[in-house]
Every structure is written in structure tokens, then in C-alpha cells.
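Each residue of the sequence shown is one higher than the one before, starting from 1200 at the first, in the numbering used here.
First the structure, in the form of C-alpha cells, and then the observations on it.
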Amino acid sequence: MEEEFLNKLKEAADKLRNLEKKPIRIICHLDSDGLSSASILTKTLSRENLDFSLSIFKGLTREAVRMLSMEDYSYYIFADLGTGQLNDINELLHDRTIFILDHHELQGDSKENIYHLNPCLYGIDGGKDICGAGITYLFCKALNEKNKDLAHLAVIGAIGEVQEKKGFTGLNQEILKDAILSGKLEVRTGLRMFGFQTRPIHRVLQYSTDPYIPGVTGDESGAIDFLQSLSIELKDDYGEWRKLVNLNEDEMKKLITAIILKRMGSEKTPDDVLGNVYVLRDEKEESPMKDAREFATLLNACGRLGKVSLGIGACIGDENLKSKSIELLDEYKREIINNLNWFYKNRKTEKIIEENGFVIINAENNVRDTMIGTLTSMLSRSNLYEDGTIMLSMAYTLDGEIKVSLRLSGYKDYDFDLREFIKDVVDRTGHGNSVGGHKQAAGAIIPQEKEETFLQYAKEVLQNRMSKLVAS
């Protein structure tokens, strides 16, 4: 299966290499996976001396495809999107040469003018074994072997896509090997916290969202009190703020134990605070981009807050854009913490429905539609719920619609297709053309006037599913 997919990537790369030298139109998604894909393509096409125009989309609609069809381009590359809009691309871009580098679940068949490079066509799980940036990397590697030095960007994309679950699987493992062999990345074991090498210890704890620390996350004084109770000095002998990397072995053990104890009672596995740390070797020691997980968060910040050029600039090594992108992180982390605090405050209200096997979060205007997926992903990894719990979240958009996001809690694989589930529910509301994603993570857009109908159908389908599981 993998060999067949790799051969198809090579065939498509050969096609691109032999095309007439005309400008190429590139369209990518705005999350960390999409921006990683965009950065890989930017570096690759620049190396080939090919002209291109790049745009980043929050989502690809029929209207967006129609507008793209009016542009004067012969060649289009869609990365980390496109599969969900295949019918529209077939119809509206039928006279162009198209490359789709996407890992989302299949929707329809592609015409002969389209190189549809989706792992799902070859029996490969696009939800866990490879992401959009991974496909883009393998495509660019097939185009030119020297692009192997871009493998670390694909690893960042996979981490941002939550495909790193205590290690990688499938083609992601092979891409990780390329990243390590290129000298760009190494793997260590450490505390899974943002800002390990760059932020004051109390700030790291205050802004820690995964793992979430009750009474500490989102509370600066709570974080300081927590450290003082452990007799861990906040500043060094020169009056400088200490960082996690400055702690000695005994202090680190003491801190880890205390965090685990703090998490008991509110988390299903409170000791799940350690994991792989993917270190980017070319980045400065004090940079938040030293850790690939932090880099993925930075890219999400750039995308979700509308500063995509900063994220791409950071990926391709522009020092000025790197420094500007770092400034967005505090704003992004504050918003995440506000969203988490809203969730915990409203757990016992009608806005959050918690039943056996599923959770429905109706954030309405309390969480941005561009952030609801991030919140859902974090909660799905927080161990608040039993593994396999279906998490459905909703948030209003600015144009009168509702963004729906779905995840399965935990790190295991379950025989439940979130995309098929949400498609069934959305079809019942009469709006079945706005579903995307894959088995482990899916989403949809519905009109706000369909909110009550959608919630009714969603609860009905979920309750019926749980009844069948209990009966069996």
C-alpha cells in the first residue's frame, strides 16, 4: 500500500517537473499542518526556480473554487485541503492540471486532469499515519532528493495535527527518520510543557494547557504559590527568572510529583505529564521554536489569528518574521486558557452535555469558530473522559453559521468514523455538503437556524449508538 502511494507521488512529481514553465497557484489550509505544507512547497518551488502564487484558506467552499477558476493559471496545487471539495474542483477546474495533497476522508472520484495524492486511496490512514505536510514533503522529496532537509517541517505538521500519540506510526515514522538523519531534529524525553527552555517556570505552569493543572493553569498567583510550596526558587542568584531547563534533577522530580498530585481527581490519568520532546537543532536554545510542539503551536497561532505570512516566514528561516510570530504566542495562549476556563466553569450547565460515551459543548459566541477545534483537541487529550468518548463542539461564526468540531478522546484507535457520524447528522438537517475531516477528527458548517434541529439529531444518534453498545 505504502509503496503504491509512493510510486504515485513520484509519478505526480515527474508530471510537475515536465510541465511547461508557467506560474503555479498554491492553496493551503490555515492550521499548522497547512502552513507547514505551504512552507515546504515555498522552499521546493523556489529551489526549482518556479514562479507561484500562494493563498491560505480557512476552508475551501464552492464559491472559493469558483473564484479560483476565474484566475489565469494552468496549474493548481491544493495542500491539506481539496478532497472535501473534489466535486467542485472536478466541475470548475476541469480544464486545468490539478495536484491535491490531502489526507482527509475521500469524497467522490477525481477526473483525469487531477493528481489526487490522498493516502486513503491506498489503504493508508490519513488520520494517524500521515498528514497534509507529510504528503507534501514526500511529493517534494520525489521531485528532488535535496528536499529531505524539509522533513522536520512535516513532523511539525503531524504534531499540530495531533498525529503524535506517544510516538508516530506509518509513513510519519519514515518522515521522522528523514528529519533525524538530516540533522534538523532529535528526540528526547521530558515534561510535556510549552516554553520549557524559554519561559519563567511560573509562566510555563500558568500557561500549561496540556497537561492542565487545576488551580495553577490560568492563575499566575496560583502558579507562584505552587512553586513556593515546593521550595523551588523562582529566580537565580543574579535575580533572573529561572526556567524549567535550569532545574536540577531533584527539583524536577519534586515538580513532576507535585503536578501529578495536583491533577488527581480532575484527570483520568494524572501521571501522563511526560512524553517525547522533538527538538529542532538549528533553532536557538532560548527560542520557543526549539521544541517542534511549540513550533506547531506557533503556526496555529499565526493561522488562527490571521497572520499566516509570519508562520510561513518562521518555517523558511526569516529571522525578522520569526521574532514577530513569537509575539503572537502570548495572545494565542491567553485565548486558549480563557476557552479552557470557560469550559470548566460551564461543565455543570446546559451548554455542556455530558452523557455516557459522548460530550456536546455548545460554546455559541464564547469561543471563536477558528479556536473551537483547538479547544476540542485539547480536551480530547486531557484525560477528563474515558478513552473513546465522542466529543462534539460548536461555535458561532461571524457570518451566521455554526462551526462543528469532533474528536475522540484518548490516544487509542477506535472503530468509529467521526466523519461518517457527522455526515449522517448534517444530512438529516438538510445541509450535507459542508462536512470534512477524517475518521479521528471531523468537522462541519451548519446554519445557525438549524442549531436546535442539529442538536436534537446529534443527541439522538449518539444515544442510540450507546444503547446498542450496552445491549451488545
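Note that CB positions come from ideal geometry on N, CA and C, so glycine has one too.
Asked: Residue burial classification, Thr1588 (beta-carbon count within 10 angstroms, cutoff 16); Found: buried
Asked: Beta-carbon contacts of Thr1652 that lie in its chain and below 7 Å, excluding the five residues immediately before and after; Found: Thr1628
Asked: Coil, strand or helix - Asp1250 by DSSP; Found: coil
Asked: Cβ separation of Cys1330 and Ala1357, assumed to be a contact under 8 Å, to the nearest whole Å; Found: 5 Å
Asked: Cβ contact (3+ pairs, closer than 8 Å) linking the stretch 1543 to 1551 and the stretch 1598 to 1605; Found: no
Asked: From Asn1564, Arg1216, Ile1226 and Gly1502, residue whose alpha carbon lies closest to that of Leu1249; Found: Arg1216
Asked: Arg1224 versus Leu1498: straight-line alpha-carbon distance, rounded; Found: 22 Å
Asked: Cα-Cα separation, Lys1214 to Gly1369; Found: 26 Å
Asked: Best match in Phe1277, Arg1580 and Lys1523 for proximity to Lys1364 [C-alpha to C-alpha]; Found: Arg1580
Asked: Met1590 burial status per 10 Å Cβ neighbour count (16 or more: buried); Found: buried
Asked: Close Cβ partners of Lys1434 (< 7 Å) along its chain, the five nearest in sequence each way excluded; Found: Trp1440 and Arg1441
Asked: The stretch 1399 to 1407 touching the stretch 1232 to 1241, judged by at least three CB pairs closer than 8 Å; Found: no
Asked: Gly1438, buried or exposed, once every other Cβ within 10 Å from all chains shown has been counted against 16; Found: exposed
Asked: Asp1301 versus Lys1461, Leu1292 and Gly1281, residue with shortest Cα-Cα distance; Found: Gly1281
Asked: Minimum C-alpha distance to Glu1526 - residue among Met1451, Ser1252, Met1488 and Leu1539; Found: Met1488
Asked: Whether Lys1340 touches Gln1639 by CB criterion (8 Å); Found: no
Asked: Under 8 Å between C-beta atoms of Leu1504 and Ile1455; Found: no
Asked: Expected contact under 8 Å - CB spacing of Pro1413 and Arg1462 to nearest Å; Found: 7 Å
Asked: Nearest candidate by alpha-carbon position, reference Lys1221, set Ala1212, Tyr1274, Asp1529 and Cys1501; Found: Tyr1274
Asked: Proximity winner among Phe1395, Asp1471 and Leu1316, relative to Asp1279 (alpha-carbon distances); Found: Leu1316
Asked: Helix, strand or coil at Ile1535 according to DSSP, with G and I counted as helix; Found: helix
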